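Peer 1: Residue numbers (the numbering used here), protein chains in the order written: chain P, 1250 to 1361; chain Y, 77 to 191.
One structure, as structure tokens, below. Some questions next.
As structure tokens, this is what we get:
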């Protein structure tokens, strides 16, 4: 079945550091890929998405590129801020059904 | 309201009791999901409703779990004979159309504690 694997946290970085959170997937067909974020005390919200190979999703300085050859969708940001501290979830939706499967989440702590 | 509403926000129950969790999606959203969020387990898919189609129940962990969606709007997740391992945050999400193409809007969740 479909699955998403993302790096375990917590990840702790200093402000202005470069961030990478790895995400790989297993899926039949041609999935759409997502990153959702859960800020402290808030509900999950969509951060970015990509619907086909080589697409790049971007939002709030974050980027992720849909790499079919490596079945990956790694999240990157060039210079993180304290306000980026949150839990980040990688997710996929197969084109054969609309069930969205999430990874286990990666908690990110940014130190001032 | 403007967002997905879930009630109650917190529920404490005794092992063996039944519980009902409610989700009120955004008006007009045809897709509705239930997920379970446990520490270290991420978001576990439970069930998916899309319009008038038969729901995808493939994520329900046992026959103690059931869900219904009345009139294409409000949904209720029922857990019978609760067990301690059912303790988790239960999240509901809705989307305007097929969630593979539309983003999900999440509620704040119901924190269920089974003593």
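No residue lacks a Cβ here, since even glycine has one placed at the ideal position from N, Cα and C.
In this text, all values refer to a predicted model and were calculated from it rather than measured experimentally.
1) Answer yes or no: does any C-beta atom of chain Y fall closer than 8 angstroms to that of residue 1432 of chain P?
2) Closer than 8 angstroms, Cβ to Cβ, to anything on chain Y: give me those residues from the stretch 1342-1360 of chain P, in chain order.
3) Report the rounded CA-to-CA distance for residue 1280 of chain P versus residue 1318 of chain P, giving the unit in angstroms.
4) Any idea if residue 1348 of chain P is buried or exposed, counting beta-carbon neighbours within 10 angstroms, 16 or more meaning buried?
5) Taking its Cβ as the centre, do 16 or more other Cβ atoms sit within 10 Å of residue 164 of chain Y, making it buried, or is it exposed?
6) Can you list, in chain order, the residues of the stretch 1256-1280 of chain P whose Cβ is nearer than 7 angstroms to any Cβ on chain Y?
7) Of all Cβ atoms in chain Y, is any one closer than 8 angstroms to the Cβ of residue 1311 of chain P?
8) Which runs of the beta strand (DSSP E) at least 3 residues long sit entirely within the stretch 1296-1324 of chain P? Give them in chain order.
9) Using DSSP bridges, identify the partner residues of residue 164 of chain Y.
10) What is the C-beta distance between residue 1253 of chain P and residue 1341 of chain P, in whole angstroms, given that I count them as a contact (C-beta under 8 angstroms)?
11) Taking the alpha carbon of residue 1321 of chain P as the point to measure from, which residue in P:1332, P:1310 and P:1306 has its own alpha carbon closest?
12) Please list, in chain order, the chain P residues whose beta carbon lies closer than 9 angstroms to that of residue 147 of chain Y.
13) For residue 1282 of chain P, which residues in the same chain have their Cβ closer than 6 angstroms to its Cβ, ignoring the five residues on either side in sequence?
14) Let's test the definition: count the other Cβ atoms within 10 Å of the Cβ of residue 1267 of chain P and tell me whether it reaches 16, buried, or not, exposed.
15) Considering just the uninterrupted stretch of the beta strand (DSSP E) at residue 1285 of chain P, what are its terminal residues?
16) Do residue 1275 of chain P and residue 1251 of chain P have their CB atoms nearer than 8 angstroms?
17) Within 10 angstroms of the Cβ of residue 145 of chain Y, are there 16 or more other Cβ atoms? Answer buried if so, exposed if not.
18) Which partner residues does residue 1268 of chain P have in the DSSP bridge list?
19) Relative to the alpha-carbon of residue 1255 of chain P, which residue among P:1293, P:1343 and P:1339 has its alpha-carbon at the smallest distance?
20) If you run the structure through DSSP and keep just helix, strand and coil, what is residue 146 of chain Y?
Peer 2: In short:
1) Nothing can be reported for residue 1432 of chain P: it is not among the residues displayed for chain P, which extend from 1250 to 1361.
2) 1342, 1343, 1344, 1346, 1347, 1348, 1349, 1350, 1351, 1352, 1353 and 1354
3) Stepping through the first chain from its first residue, residue 1280 of chain P is reached at position 31. Stepping through the first chain from its first residue, residue 1318 of chain P is reached at position 69. If I take the Cα positions, the gap works out to 13 angstroms.
4) Your numbering for residue 1348 of chain P matches position 99 in the first chain. Buried, by the Cβ-count rule.
5) In the second chain, counting from the first residue as 1, residue 164 of chain Y sits at position 88. Per the 10 Å Cβ criterion, buried.
6) none
7) Working through the first chain from its first residue, we reach residue 1311 of chain P at position 62. It does not: the Cβ of residue 1311 of chain P has no partner Cβ on chain Y nearer than 8 angstroms.
8) 1305-1308 and 1311-1314
9) Along the second chain, read from residue 1 onward, the residue named residue 164 of chain Y stands at position 88. The partner list for residue 164 of chain Y (beta bridge, DSSP) reads Y:188.
10) As a first step, residue 1253 of chain P is located in the first chain; it is residue number 4 there, counting from the start. As a first step, residue 1341 of chain P is located in the first chain; it is residue number 92 there, counting from the start. The pair is a contact, with the Cβ atoms about 6 angstroms apart (cut-off 8 angstroms).
11) Residue mapping note: residue 1321 of chain P aligns to position 72 of the first chain, counting from 1. The residue with the shortest Cα to Cα distance from residue 1321 of chain P is P:1306.
12) Looking up residue 147 of chain Y in the second chain gives position 71. Correct list: empty, because the minimum Cβ distance to chain P is about 21 angstroms.
13) Taking the first chain and counting its residues from 1, one reaches residue 1282 of chain P at position 33. Cβ neighbours of residue 1282 of chain P beyond the five flanking positions: 1299, 1315, 1322 and 1341.
14) Numbered from its first residue, the first chain carries residue 1267 of chain P at position 18. Counting Cβ neighbours within 10 Å, residue 1267 of chain P comes out exposed, since fewer than 16 surround it.
15) To locate residue 1285 of chain P, count along the first chain from 1; it is residue 36. Residues 1281-1287.
16) Along the first chain, one-based indexing puts residue 1275 of chain P at 26. Along the first chain, one-based indexing puts residue 1251 of chain P at 2. In this structure, residue 1251 of chain P lies closer than 8 angstroms to residue 1275 of chain P by Cβ.
17) As a first step, residue 145 of chain Y is located in the second chain; it is residue number 69 there, counting from the start. So residue 145 of chain Y counts as buried.
18) On the first chain, position 19 is the one that residue 1268 of chain P refers to. According to DSSP, residue 1268 of chain P bridges with P:1326.
19) For the purposes of this step, residue 1255 of chain P is identified with residue 6 of the first chain, where counting begins at 1. Ranking P:1293, P:1343 and P:1339 by Cα distance to residue 1255 of chain P puts P:1339 first.
20) Taking the second chain and counting its residues from 1, one reaches residue 146 of chain Y at position 70. Residue 146 of chain Y: helix per DSSP, three-state reduction.
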